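Residue numbers (full-length UniProt numbering), protein chains in the order written: chain A, 1 to 400; chain B, 1 to 400; chain C, 1 to 400; chain D, 1 to 400. A short write-up of the structure that comes next.
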């Protein structure tokens, strides 16, 4: 359980910090000016991606031969760094959700043909992707509720259903959707679901609208689409794995996805602490810098104390995933999924407050970071579902 | 200390409830579709205002001969009702901030000429107004920090400065700005400030941009403007009161403004509780309605328990303002300013969570209500300033 | 809904304040020296009771002809005052639990003979009493779980069972126990229970030990006894009401009992705020009084804001009980039972912290007050039970 | 930063677990029956100490030649285990505060003669000791406030002052007090203090009384004494280090002392989680085990998530102390001092609540564990002092 940076991590960390300082932070203002309802990536992103790639900061998230080959423990501090500028840095490095999960999924479960057609251009940064799981009408944290149907018809599958909050799906570069649906509603609970590749331009795929998160449309990320699948037909070979594998594939996808979110959340919190400290030392009220106020000091101390604990748990989780696998790290993945969003939301709230009116505005990244943290208390299943599940495991320890 | 509704309140309450049911709630969807960056009121508002006026639901906030003549205690349950649909109902009744505070101010401190020129059309709903106090560069919760200058030059005053978060200022109907600045920076701390009427179309007044609150631009309310005053000249008779009266006028304005916010916050919380209860009884997860989950029940119970307490303190404050005046109610006004936003923010957070992804989206009013509550932890001075002040009063009780 | 003090309340309030100042507070030190394991009332109590009675401050809790005849709303501010010194003042006024509930019960449900034998000496202060409901082996917040049996045998009832946390039962003055048990376990859920009068010296009644609350044995109150009832025989006429009435009687008893606790809790919080304010203005650390520290100011402000809200809800509940009855006030009684202990516990925690090591010691009343508040999160059913019940009522409002 | 158990730790951990299971837990009931006001160790302790020593579980806390020679990282999981039964296990292993800090101090700063006279019998378990720093009249978290005087008079020092909360001082085995006082009040702030060895039976040392913590007198630990030093004379060679070294010695003592408390707190929390889980799976209310209730599950999940984070921070701190020294670990020591007591207090509160009335009583260790955690929010300086200090360090990072 050694969490120290090794040589590889140290090297990437230094190079990534330099990239952030020179290229990413300076681009944030341009990003913040992204026009409403424009679903294209901000122009600056293409240049950032080229630069990152030239610097060898590309696909760092992906273990194995297809990516940078880092362990989770090596990647964690790098993902944390990208969390300091989460609107730009992950995408600049081709390490942004949901592409990362989709690439992992294709690398692990895709056929050679699927990998060639979709994984290669994704890894190469030529296209983007989306993952269509959440449905408006059912509690999607329980996959058995999914109502979208995927029905075999000769050499094709026919897909019908409605999805929403499909992040990135309105980005014009988004070429491929991975759709979760049911191939056999009569099968055993966790064998009903399948996943299938649906090119975004397939007839019958209709983008209805972009969903908002607390006023943001996240257009620069391709938004969060509501999509209707109406008699959408794709070749049978677009199925990922076999019929009924959908739930298992989905579970495999979630572990890394969750820890990546948590790693980035820590970076978001560090950015917030830095901004808060800089603000309170420079802002004067009632004759003294805000930093002299006991309540403000309390926020700062508590933020530091919380984030130090949280980071260590994320690192331990990464180490467990590397050593005993995602399954063996199940409880810890759940624990950080529970702890990270609410902890970081709390810190961001204090940083917002320390900034006064500016804190809720477009003049700092804090309000949007807060929304990202808040939304993660819901994404991939609300906290309450994870708490209940973790509690049952704990209870089982003492009653078996 | 009798908080029961009297006959007048009961009558207004019934009529206002009916107006909300028939006209306001049905108009919410049209309002929610208000286009980004459009600073005009949504078209539906004009019809709502006409209807409200026809029903005698107009200027309810204003005591005395100019308005409906209600006491604060009578107005409180009505303002609470408008808080259930805060984006539309207050404006429909000509009871929206900042117009309300500006009308009170003109009614109390305006000259006959000022009242004729600005108060009458405001009361009549022909124009709207804004209040320009907050500045980006200083902690404006401490009025002595204000840097905008108001300098006498012959028969005119010349105004220079920069303001931001000037709510409503981009509404094309906004005809008049009340600007807070300093006429004499060398005077005693609370005699340096003055307030002056500046028609929005005066040369030198430049709207720079709209400030956001989280991802909202609040365009339907005329946004929150950043404004530069560059050598703006207005006649000397535009000054409100005498030179140096600005701080005192501002204090007089704040009491009613704060309690109105708190009354509406309670209505927002009641709306949230209703939406939460309806949602959890209809939504099923893991085979049971969400309402069966202990954690969800805990949210609902705690919400009810908190809001009942809060409402009573707001009513007591209203009663004190009516009986011993705003000055005598100072501590209670501060107490509700501290308690209401954070309490209601907490309730809204739970209502959002109970709605899942839909809760952060444009499909319920909850996310925007949350932002309104959160922002009120900062507006009119951050909570921390009010807590400190209230603590000092409490400490003084035991040491004098 | 008029919460102002009337003439009667004002008069009692002044007289009770004077009694506290002159007699109760000065006696606290003697009380604090009460020896461990001594279950007799502290000697000072007899003098206090005589003095209180002489001043007409006696049985204030009891409405109707038997007591002072006050309404709940009139009694609330008086009970609050006694909460400032809860170990002495309520007992001094013959207004201490569980005697109060027992006297109410006998006044309402007792036969003339029962009232003559037990109510009269209780009202007269010649004896004390206890209420034996809670059992160690079952969740007693659900009365259907009670296992103690009360079996008719000729002209007698025979009682077998084990009770604990029977407050006051070891006080040598405690002459009578009201015991809750089951007369018919096969009856409908809420008709199985009965209540019966058991003189404490009846053969078969064995006091096993005193239960502690944190480190306190509350000996000065007669402790919290564990009691075995082994073949205890009492005359059949000792039954209160009819067989099967036990649950209903118990419910009738709980409403006033709960609100009395809540009234006193507010007095405890006021005492804590006073002690905290006095402490922080006199104690210096790092060169300044503690009162100058922002965090301490935050505690004080938050304490004041919370207690003002809580008091109003308690008053409203009292007013409802007076006007629509305990049944009509059910939700509000539940709300204050939920809100008061945790709110006051929070305030006491801060007062303890402000006192440093002295705060946890016997040198201030704060630690013991804290335990009283903490224990009330459990007594009469844990918070969680009341929250769930209140939530169900709220949910029913929106689904019927 | 490798936190895994090494071979040594694994071996000790297994042996210590076995010792706890076989000897310590079974002795808890006897300990709980310790009579009030009896300051002698419970009889069972001598047997436990003999057994522990025979098993080689002795002085594990002490690095270097005098003790077991473990690193902090090796000791941490062992101290955690002792925290599961904190009233018996640490003392059984001769690893209880304040002896541990006193032994470290003598090992590091004592002269050979001092070590021979006091350290040897302490290590050998023949005597016990106390550390007399806290004073009732001043904020002792700021050592510059200390008022006890230590004045040179010929070959002796004369000590005058009043101390309180001197843990263990009433244990008849307590032979030696280390007293903190001022030798030169006119010196530079941190050179005024000295520490001196005072045999407890020295004339002029008067034990006034035992201080309580929430009703407990902690008699089995020798209580928390209030002590008057009135013209107490000891030989000059009893001074530890040189005049003016007192503050520095005290700082050196605090680091290990604090982390030991934190390690044990984690064990206390683990015990609480185990008891809570066992309770809620066996206790039935309203027809279901408590474990089925969502709110209870929430407590369990949150407890697990918090304690996992906290443990990792304690381990990191231990590792830092081992690798960069106590000074280099200053911020982390402060962070765990802030985080551990309040986190564990929260968990204990939930475990108490899950046990109902039994949870606050002497029938489980929970209430007393809660008091231990609560008191540690004050001991060695209140949380607020440490938060402020940590905040200043954080602020300095961003402004230098």
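Glycine residues also receive a C-beta, built at the ideal position from the N, C-alpha and C atoms. Here the structure is a predicted model, which is why all the values come from computation and not from measurement.
Considering only residues of the same chain and omitting the five flanking positions on each side of residue i, which have a CB-CB separation below 7 Å?
i	result
residue 275 of chain A	351, 364 and 366
residue 371 of chain D	213, 214 and 216
residue 103 of chain B	62, 119, 122 and 123
Using a Cβ-Cβ distance cut-off of 9 Å, determine whether residue i contacts chain A.
i	result
residue 47 of chain B	no
residue 273 of chain D	yes
residue 293 of chain C	yes
residue 375 of chain B	yes
For residue i, go through chain B and note every residue whose CB falls closer than 7 Å to its CB, in chain order.
i	result
residue 399 of chain C	281
If I measure Cβ to Cβ from residue i and keep anything under 8 Å in the same chain, skipping five residues before and after, which residues do I get?
i	result
residue 124 of chain B	none
residue 3 of chain D	73, 312, 315, 316 and 319
Residues in its own chain within less than 6 Å of residue i by CB, not counting five upstream and five downstream?
i	result
residue 72 of chain C	318, 321 and 322
residue 185 of chain C	192
residue 326 of chain C	255
With a threshold of 9 Å between beta-carbons, can residue i be considered close to chain D, or not?
i	result
residue 74 of chain B	no
For a contact meaning CB atoms closer than 8 Å, what does residue i contact in chain B?
i	result
residue 232 of chain D	Those within 8 Å of residue 232 of chain D in chain B number zero; the least Cβ separation is about 38 Å.
residue 354 of chain C	Residues of chain B passing the Cβ test: none, with the nearest at roughly 12 Å.
Are any of the Cβ atoms in chain B nearer than 9 Å to that of residue i?
i	result
residue 216 of chain A	yes
residue 384 of chain A	yes
Is residue i helix, strand or coil by DSSP?
i	result
residue 334 of chain A	helix
residue 208 of chain D	strand
residue 213 of chain C	strand
residue 321 of chain B	helix
residue 58 of chain C	coil
residue 310 of chain B	helix
residue 263 of chain D	helix
residue 353 of chain C	helix
Quick one: list the residues of chain D neighbouring residue i, beta-carbon separation under 7 Å, in chain order.
i	result
residue 349 of chain B	Ordered by position in chain D, no residue passes the 7 Å Cβ test against residue 349 of chain B, which lies about 16 Å from the chain.
Under 7 Å between beta-carbons, which chain C residues line up against residue i? List them in chain order, please.
i	result
residue 298 of chain A	295
residue 3 of chain B	1
residue 338 of chain B	301 and 305
Strictly below 8 Å CB to CB, what residues from chain D border residue i?
i	result
residue 133 of chain C	Near residue 133 of chain C there are no residues of chain D at all, since even the closest Cβ is about 11 Å away, more than 8 Å.
Name the chain A residues whose beta carbon is nearer than 8 Å to that of residue i?
i	result
residue 142 of chain B	285 and 286
For residue i, which residues in chain B fall below 9 Å Cβ to Cβ?
i	result
residue 211 of chain A	357, 358, 360, 361, 362 and 363
Can you find a CB in chain C that lies within less than 9 Å of the CB of residue i?
i	result
residue 367 of chain D	yes
Problem set entry | Sufficient close CB pairs (3 or more, under 8 Å) joining the segment 93-103 of chain D to the segment 53-70 of chain D | Yes, they touch.
Exercise. Okay, do the segment 392-400 of chain D and the segment 278-286 of chain A touch, 3+ Cβ pairs below 8 Å being the bar?
Worked result: Counting C-beta pairs closer than 8 Å gives three or more between the segment 392-400 of chain D and the segment 278-286 of chain A, which meets the contact rule.
Problem set entry | Any 3 or more C-beta pairs closer than 8 Å across the segment 191-200 of chain C and the segment 143-159 of chain C | Counting Cβ pairs under 8 Å, three or more are found: they touch.
For this session: Please determine if the segment 239-247 of chain C and the segment 177-192 of chain C are in contact, where contact requires at least 3 C-beta pairs separated by less than 8 Å.
Result: Contact between the segment 239-247 of chain C and the segment 177-192 of chain C is present, because at least three Cβ pairs lie under 8 Å.
Problem set entry | At least three beta-carbon pairs within less than 8 Å, the segment 209-224 of chain A to the segment 159-179 of chain A | Cβ pair count under 8 Å is three or more, so yes.
Exercise. Are the segment 324-337 of chain D and the segment 257-268 of chain D touching, with three or more C-beta to C-beta distances below 8 Å?
Worked result: Touching, per the Cβ criterion.
Problem set entry | Cβ contact check for the segment 32-46 of chain D and the segment 32-49 of chain A: 3 or more pairs under 8 Å | Short answer: they don't touch.
For this session: Examine the Cβ distances between the segment 289-308 of chain A and the segment 290-305 of chain C and report whether three or more of them are shorter than 8 Å.
Result: Taking 8 Å as the limit for Cβ pairs, the verdict is that the segment 290-305 of chain C does touch the segment 289-308 of chain A.
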